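Peer 1:
There are 2 protein chains.
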Amino acid sequence: MAGPRPGLRRDTQETRDRLLAAVGELLAESGPTFGLPELARRGGVATATAYRHFESIHDAHREFLLQLTGRLTDRLQSVPPTWTPRRRFDAACERWAEQAADWGPAAVHIRSWRGFLERVHLGDEPTGALYAALEPIVRDLIEHGELPDQDVEYAVLVWITMFDERVIVDLRESKGWPLQRLARVLGRSVLSALGGTAT
Amino acid sequence: MAGPRPGLRRDTQETRDRLLAAVGELLAESGPTFGLPELARRGGVATATAYRHFESIHDAHREFLLQLTGRLTDRLQSVPPTWTPRRRFDAACERWAEQAADWGPAAVHIRSWRGFLERVHLGDEPTGALYAALEPIVRDLIEHGELPDQDVEYAVLVWITMFDERVIVDLRESKGWPLQRLARVLGRSVLSALGGTAT
């Protein structure tokens with residue numbers, strides 16, 4: 001999902017990736033205050049080229065969010081399903097924290113105002129894919145008795161809420177927690193919130 | 001804090017309140033797509049009057065957020081401190097859910113991108129006042145042995161993260177949960193996350 005777009009020539013794909021990286025840099029530096037001309041300058045391409053890739057700056061924001069949601073989903077899905085449920089959960093939390101620390105300072109400026117479950121129910125594909133990466137881990141924890149039987153949708157919502165990029169950036173910057181500690185503490189809070197005994 | 005502004009004449013204050021109510025209506029209906037002229041029309045005043053109250057539409061958004069944060073803080077602070085810590089916590093969760101259900105559909109469009117702790121540390125007054133309303137309840141729960149001793153700042157962050165207006169609106173609309181259930185379930189998740197035995 002986070003990979004190259006089908007049908008794009010390789011140099012076009014490279015330009016697109018460079019522009020999306022520039023979206024992340026500019027957002028992290030100064031929020032959503034720039035337009036396509038400034039984005040083009042940062043990406044080192046002509047303004048007309050930026051307009052060929054994105055209809056508007058909002059389109060560029062959306063594509064940036066799509067790319068990072070895809071990346072996060074890929075990282076979560078690559079946790080080996082043969083691991084024990086608890087090890088899968090811990091690894092997912094760690095990868096999530098790493099990802100969110102990377103693009104969090106950019107993404108906090110343009111996050112969706114819609115609820116996570118609402119987006120899943122509306123059939124929003126990247127949100128659905130993220131849900132589909134988390135849900136089997138929660139089910140596995142329940143099946144192995146590490147969590148009591150419960151509303152899995154609510155459980156995934158609690159997980160995603162606690163790993164909100166704004167929370168991760170806040171804990172890193174306000175409390176100076178290193179990523180590993182942050183992933184461990186947040187992960188334990190999630191497991192406890194869901195009725196598990198987080199040790 | 002959520003009361004009238006000192007130094008404003010009564011009719012000026014009424015106009016201001018009407019305009020802030022109109023900000024909430026327009027945001028809930030269609031997000032931050034309107035300007036001061038449209039806000040003035042909705043509030044039933046001349047455009048020039050709206051400009052006398054707000055420098056820009058962003059200023060109107062900010063004042064709206066200030067007003068609702070103040071209201072929330074007032075409601076939380078009015079929970080009697082003589083109640084048992086657990087009763088105080090439950091009442092605070094219920095009032096919070098009521099408040100967030102009211103202005104949540106508007107506020108999700110304009111929430112701060114800054115982390116909660118960052119805003120507290122920066123000396124942002126309304127965020128500090130909200131923190132000051134929650135912190136004694138957490139300390140009380142710890143002193144009475146309902147929660148283990150812990151980092152109170154992190155505990156308040158968990159509480160505020162789970163009661164995010166986007167989560168409350170999502171649970172109401174996507175799962176159809178009534179407010180009381182929602183407050184109870186989220187409150188239990190918070191207590192469990194913090195190591196309490198939520199019964």
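Going down the list, the sequences are from chains A and B. For the first sequence, position 29 (counting from the first letter as 1) is numbered 29 according to full-length UniProt numbering, and the numbering increases by one without interruption. For the second sequence, position 52 (counting from the first letter as 1) is numbered 52 according to full-length UniProt numbering, and the numbering increases by one without interruption. Even glycine gets a Cβ: it sits at the ideal position worked out from N, Cα and C. Predicted model only: the values in this text are computed from it and were never measured.
Distance check for Ile57 of chain B and Ile160 of chain B, CA to CA, integer angstroms please.
Peer 2: Ile160 of chain B and Ile57 of chain B have their C-alpha atoms some 27 angstroms from each other.
Peer 1: Using the C-alpha atoms, what's the distance from Leu122 of chain B back to Ala100 of chain A?
Peer 2: Roughly 22 angstroms between the two C-alpha positions.
Peer 1: Can you pull the chain A neighbours of Phe34 of chain B, defined as C-beta to C-beta under 8 angstroms?
Peer 2: Under the 8 angstroms cutoff, chain A gives no residues; its nearest Cβ is about 15 angstroms from Phe34 of chain B.
Peer 1: Quick one: give me the first and last residue of the alpha helix (DSSP H) that Ile57 of chain A is part of.
Peer 2: Start and end: Ile57 to Gln77.
Peer 1: Could you list which residues in chain B have their beta carbon closer than 7 angstroms to that of Gly195 of chain A, in chain order?
Peer 2: Taking a Cβ-Cβ cut-off of 7 angstroms, the neighbours of Gly195 of chain A in chain B comprise Ser192, given in sequence order.
Peer 1: How should His144 of chain A be labelled, buried or exposed, when 16 other C-beta atoms within 10 angstroms of its C-beta is the threshold for buried?
Peer 2: exposed
Peer 1: For a quick check, are the C-beta atoms of Ala133 of chain A and Gly24 of chain A less than 8 angstroms apart?
Peer 2: Cβ distance not < 8 angstroms, so Ala133 of chain A and Gly24 of chain A don't count as in contact.
Peer 1: Ala40 of chain A: buried (16+ other C-beta within 10 angstroms of its C-beta) or exposed?
Peer 2: Burial call: buried.
Peer 1: Pick from A:Phe64, A:Gln180 and A:Leu19: whose alpha carbon is nearest that of Arg95 of chain A?
Peer 2: A:Gln180
Peer 1: So with Cβ pairs under 8 angstroms, would you call Ser174 of chain A a contact of chain B?
Peer 2: yes
Peer 1: For the segment 97-128 of chain A, which residues have a beta carbon sitting closer than 7 angstroms to at least one beta carbon of chain B?
Peer 2: Val108, His109, Trp113, Gly115, Phe116, Leu117, Glu118 and His121
Peer 1: Under the three-state reduction of DSSP, which class applies to Pro148 of chain A: helix, strand or coil?
Peer 2: coil
Peer 1: How many angstroms separate the CA atom of Met1 of chain A from the CA atom of Trp103 of chain B?
Peer 2: Per-residue confidence for Met1 of chain A stands at a pLDDT of 47, beneath the threshold of 50, marking its modelled position as unreliable; the derived number appears in the next sentence. Those two C-alpha atoms are separated by around 36 angstroms.
Peer 1: Does the beta carbon of Arg62 of chain B come closer than 8 angstroms to any beta carbon on chain A?
Peer 2: no
Peer 1: How many whole angstroms separate the CB atoms of Ala65 of chain B and Ile110 of chain B, which I take to be in contact at a CB cut-off of 8 angstroms?
Peer 2: In the sequence on display, residue 65 of chain B carries Leu and not Ala. Indeed they touch by this definition, with Cβ atoms about 6 angstroms apart.
Peer 1: Among B:Arg139, B:Gln13 and B:Arg166, which residue has its Cα nearest to the Cα of Arg52 of chain B?
Peer 2: Here the closest residue by C-alpha is B:Gln13.
Peer 1: Give every residue of the same chain whose Cβ lies closer than 7 angstroms to the Cβ of Leu130 of chain A, excluding the five residues on either side of it in the sequence, and list them in chain order.
Peer 2: Thr69, Leu72 and Thr73
Peer 1: Below 8 angstroms between beta carbons: does that hold for Val158 of chain B and Ser189 of chain A?
Peer 2: For Val158 of chain B and Ser189 of chain A, yes; Cβs fall inside 8 angstroms.
Peer 1: Starting from Ser189 of chain A, find everything on chain B with Cβ-Cβ shorter than 7 angstroms and list it in chain order.
Peer 2: Val158 and Ala193
Peer 1: Do Gly196 of chain A and Glu118 of chain A have their C-beta atoms within less than 8 angstroms of each other?
Peer 2: no
Peer 1: Nearest by alpha-carbon distance to Leu186 of chain B: which of B:Ser112, B:Glu98, B:Glu125 and B:Ala28 is it?
Peer 2: B:Glu98
Peer 1: Which of helix, strand or coil does DSSP assign to Thr127 of chain B?
Peer 2: helix
Peer 1: Does Ile160 of chain A come out as helix, strand or coil in the three-state DSSP assignment?
Peer 2: helix
Peer 1: Between Gly123 of chain B and the ligand ATP, is there a pair consisting of the residue's CB and a ligand heavy atom that are separated by less than 7 angstroms?
Peer 2: Ligands in the displayed structure: none, and consequently the ligand ATP is not present.
Peer 1: Between Glu125 of chain B and the rest of its own chain, which residues show a CB-CB distance below 8 angstroms, the 5 nearest in sequence each way excluded?
Peer 2: none
Peer 1: For the alpha helix (DSSP H) that contains His121 of chain A, what are its first and last residues?
Peer 2: Per DSSP, His121 of chain A belongs to the alpha helix (DSSP H) from Phe116 to His121.
Peer 1: Please report the distance separating the alpha-carbon of Asp151 of chain A from that of Gly176 of chain B.
Peer 2: 14 angstroms
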